[in-house]
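Student: Residue numbers (my numbering), protein chains in the order written: chain Z, 3 to 188; chain D, 3 to 188. Think of the CB as a built atom: it goes at the ideal place given N, C-alpha and C, for glycine as much as any other residue. Note that the structure is predicted; figures quoted are calculated from it, not measured.
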DNA sequence: GCAATTAGTGATTGAGTACTAACTTACTTC
DNA sequence: GAAGTAAGTTAGTACTCAATCACTAATTGC
């Protein structure tokens, strides 16, 4: 397998592992095991653990952004809103590690900025802005609606992270589609 | 100082440290240093690191719940909403570690449940329900408004975690009061 | 005044972990 | 078929960290 292909599978494996354990709660050995490769080999593919985390974080934003962009393609306003809400529901059901990784990325910023890692926060914030713009335009550039959509998304992320089963009361009041699929499967 | 008083200051110190580094990114020595006590002594006050984390997490929920309950005391509907929004703004400005610790608690659930720690998720979810009820009643038991309020709260948490400065565009569309004070100070 | 309890420390241990160095194996190319 | 290169491994290092043990100093109760 080529190094580039390996790097891809490392990113996928790292996303799953970091999504569960966060940066400090995930060992490079766990990632290597999931990839099916020796642990030291990771350091040939990436300069270090932080680089792996960052690559996974960026890939994660890419995928969510792409899901929203594809869902809303050619649509505006309410139609785009529903399309994107459904798309997010699919992400929750099929790729829960994407949103868990997002959460892990957010909480990693403060610690990273306190240590020397001052580039990390910029990357995360840039990712958020990319997500923001991606939903902003299809929603007719309406700031309030964009904020609303993202706010509900973050609430859903938190509920999923906490492990509330989809039939639980807390899902009342959310997109019906999200309610029916909110379980984080293992 | 009595053991009980010490435990209190450990909880305060642990909240601050865990809020920054999360469970795995925080050493018991860092907590001990902040308390001004030797690291082994923590294990006389608490059975282990997990117990310290859990105590801090529960305390954190207590304080936020109390802030909301006090703010909304005697108020209903819109008045209660504004009072609680202002209260949350004050928490953001004065006790940012409370909301960062909440985020850290949420992302810690999945990892904890995967290992043996199956009680942890229940505690976190119970804390969320307590918070939910605390805002639900003053808002006239309106589920949609409750969901809305909490959704905006979670969005604010994420923005604060990412370190967006209060004058940044992403704060547009949020409570004006939150916009003016959203910075996480160090 | 002494016995017991309480608050607290220093030294240590054993497990885990990011990362390095040196080596191996297989494929390509001339 | 030799030389080079790309993919991958084994062994090891230096370090961090949660937790334990054995000990000390002060306070309290009788």
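Helix, strand or coil: how does DSSP classify residue 150 (chain Z) here?
Tutor: helix
Student: Along the chain, where does the alpha helix (DSSP H) containing residue 124 (chain D) start, and where does it finish?
Tutor: In the DSSP assignment, residue 124 (chain D) falls within the unbroken alpha helix (DSSP H) covering 120 to 138.
Student: Return the first residue and the last residue of the alpha helix (DSSP H) that residue 144 (chain Z) is part of.
Tutor: Element bounds for residue 144 (chain Z): n/a, residue is neither H nor E.
Student: Looking at chain D, is there any beta carbon in it that lies within less than 8 angstroms of the beta carbon of residue 137 (chain Z)?
Tutor: no
Student: To the nearest angstrom, how far is the alpha carbon of residue 156 (chain Z) from that of residue 117 (chain Z)?
Tutor: One C-alpha to the other measures close to 26 angstroms.
Student: DSSP on residue 90 (chain Z), reduced to helix/strand/coil?
Tutor: helix
Student: Using a Cβ-Cβ cut-off of less than 7 angstroms, give me the residues of the segment 157 to 180 of chain Z that come near chain D, in sequence order.
Tutor: 157, 160, 163, 164, 165, 166, 172, 174, 175, 176
Student: Could you confirm whether any beta carbon from chain Z is found closer than 8 angstroms to the beta carbon of residue 118 (chain D)?
Tutor: no
Student: How far does the alpha helix (DSSP H) with residue 172 (chain Z) in it reach, from first residue to last?
Tutor: No alpha helix (DSSP H) holds residue 172 (chain Z); DSSP gives it neither H nor E.
Student: First and last residue of the alpha helix (DSSP H) that includes residue 98 (chain D)?
Tutor: 98 to 116
Student: Using a C-beta cutoff of 8 angstroms, does residue 43 (chain D) count as contacting chain Z?
Tutor: no
Student: Taking residue 146 (chain Z) as the query, report the chain D residues whose CB atoms sit under 8 angstroms from its CB, ordered along the chain.
Tutor: Those are 175, listed as they occur along chain D.
Student: To the nearest angstrom, how far is it from the Cα of residue 77 (chain D) to the Cα of residue 33 (chain Z)?
Tutor: Residue 77 (chain D) and residue 33 (chain Z): Cα-Cα distance of roughly 52 angstroms.
Student: For the segment 103 to 114 of chain Z, which residues have a beta carbon sitting closer than 9 angstroms to at least one beta carbon of chain D?
Tutor: 104, 105, 106, 107, 108, 109, 110, 111, 112, 113
Student: Could you please tell me which residues of the segment 81 to 106 of chain Z, in chain order, have their CB closer than 8 angstroms to any CB of chain D?
Tutor: Here the close residues are 102, 105, 106.
Student: Taking beta-carbon pairs under 9 angstroms, can you tell me which members of the segment 22 to 33 of chain D lie near chain Z?
Tutor: 22, 23, 24, 25, 26, 27, 28
Student: What separation, rounded to the nearest whole angstrom, lies between the Cα atoms of residue 193 (chain D) and residue 40 (chain D)?
Tutor: Chain D is shown only over 3 to 188; residue 193 (chain D) falls outside these bounds and no answer can be derived.
Student: Considering only the alpha carbon of each residue, which of Z:66, Z:82, Z:74, Z:84 lies closest to residue 93 (chain Z)?
Tutor: Z:66
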